[in-house]
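Single-structure report; data block below.
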Amino acid sequence: MNVLIVYSHPEPTSLNGAIRDYAVQRLSDAGHQVQVSDLYAMQWKAQLDAADSKARRGDAPFHPSLDSKHAFENGLQSDDIAREQDKLRWADTVILQFPLWWFSMPAILKGWIERVYAYGFAYGVGEYSDERWGDRYGEGMLAGKRAMLVVTTGGWESHYSARGINGPIDDVLFPIQHGILYYPGFDVLPPYVVYRTSRVDDGRFAAIREELGQRLDTLATTAPIAFRPQNAGDYRIPALTLREDVAPGLAGFAAHVA
Ligand code: FAD
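Every letter in the sequence shown is one number past the one before it in my numbering, and letter 111, counting from 1, is 111.
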């Protein structure tokens, strides 16, 4: 299969750098085609702005969504954005790899999402009616592809457990896994998380290679997180609330997983 790793760490000799190198090797050895978008090495432009389009919409003030739509529809996107979209079209599986920084992804990776996920490509797709609310949350341009997070954290596994101070890791990652990956259609595999990175030594790194290797070997067969599709009956449209008989008594992020 074709695997795109979108990698975000400023230092090649970091733990993340070593994990990235290992993943590329493991996937290549298994016969997969691998591309890496190394955002710091590419000096990826993180801010979404008027320069993202080769020609603006006349004299209208810059509008982040409408300018994105105009540029996407008319082949006017800046070349770096179009190249990354081509990589997404090429990929069967996309891995986002990053250190957890302030409970989310590094800003450079957020900027990759904001700019590459154009209007008409990742959102604003499909019909909006009483039956459907666009092609999103399980449908969309990236449907049929798989995605997985590879994340490192300074915090311990217990800090991210069900009653841990940082909140459960599934909750911390929900905006990324559900809001960024499931939204445009990806099937989202459970994340691979390395906790308590300050305690990684050669022995632990060998265990990480083993665990991650297993995950990479089973990318095509691992069951995705069972997020509920938006247009398949679980939600009222257009309120987009769960029907009363779906996950009764449950609220919050967990209710959106079947
Ligand atoms: P490194 O610092 O490069 O390495 C970590 C350890 O791995 C080191 O001990 C190193 O010796 C060892 N190592 C490196 N390479 C190898 C190798 N090849 N073989 C064996 N051992 C190796 N953490 C949270 O939990 N939540 C947060 O919200 C959060 N926010 C942060 C915000 C910022 C701005 C920053 C800078 C850090 C934050 N952290 C947070 C901590 C952060 O998640 C960790 O520092 C990061 O995940 C560590 O990854 P790294 O690749 O930078 O590790």
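Ideal placement from N, C-alpha and C gives every residue a C-beta, glycine not left out.
Counted within 10 angstroms of its Cβ, other Cβ atoms place residue i as buried (16 or more) or exposed
i	result
residue 68	buried
residue 165	exposed
residue 250	exposed
residue 44	buried
residue 211	exposed
residue 221	exposed
residue 184	buried
residue 60	exposed
residue 217	exposed
residue 161	exposed
residue 145	buried
residue 241	exposed
residue 254	exposed
residue 33	exposed
residue 11	exposed
residue 152	buried
residue 177	buried
residue 83	exposed
residue 53	buried
residue 77	buried
residue 214	exposed
residue 71	buried
residue 13	exposed
residue 163	exposed
Proximity winner among the options, relative to residue i (alpha-carbon distances)
i	options	result
residue 147	180, 110 and 95	95
residue 201	185, 18 and 244	18
residue 8	163, 113, 118 and 30	113
residue 128	246, 258, 237 and 248	237
residue 97	85, 52 and 24	24
residue 28	12, 3 and 11	3
residue 46	87, 99, 26 and 116	116
residue 15	49, 206, 135 and 34	206
residue 133	143, 229 and 51	229
residue 74	56, 189 and 247	56
residue 169	191, 180 and 186	191
residue 118	174, 58, 49 and 204	49
residue 235	219, 30, 130 and 64	130
residue 139	100, 239, 167 and 121	121
residue 5	51, 257, 83 and 91	91
residue 209	102, 244, 142 and 150	150
residue 136	187, 13 and 87	187
residue 89	248, 1, 179 and 226	1
residue 167	252, 111 and 79	252
Strand pairing of residue i, partner residues [DSSP]
i	result
residue 55	In the DSSP output, where bridge partners are listed per residue, residue 55 has none listed.
residue 38	7
residue 265	Lying outside 1 to 258, the shown extent of the chain, residue 265 is not represented and no answer is given.
residue 104	101
residue 24	Bridge partners of residue 24: none, in fact.
residue 123	119
residue 33	2
residue 253	Paired residues: none, contrary to the question.
residue 44	Per DSSP, none; premise fails for residue 44.
residue 77	53
residue 227	257
residue 187	146
residue 194	152
residue 128	133
8 Å Cβ cutoff, residue i in contact with chain C
i	result
residue 135	Absence of chain C from the displayed structure is noted, only one protein chain being present.
Do the stretch 32-43 and the stretch 102-115 make contact, defined as three or more Cβ pairs closer than 8 Å? Output reads yes: the stretch 102-115 touches the stretch 32-43.
Three or more C-beta pairs below 8 Å linking the stretch 151-168 and the stretch 192-212: Contact between the stretch 151-168 and the stretch 192-212 is present, because at least three Cβ pairs lie under 8 Å.
Around the ligand FAD, which residues pass a check of Cβ closer than 6 Å to any of its heavy atoms? Those residues are 9, 14, 15, 16, 18, 99, 100, 101, 102, 103, 152, 153, 154, 155, 197, 198, 200, 201, 202 and 205, given in chain order.
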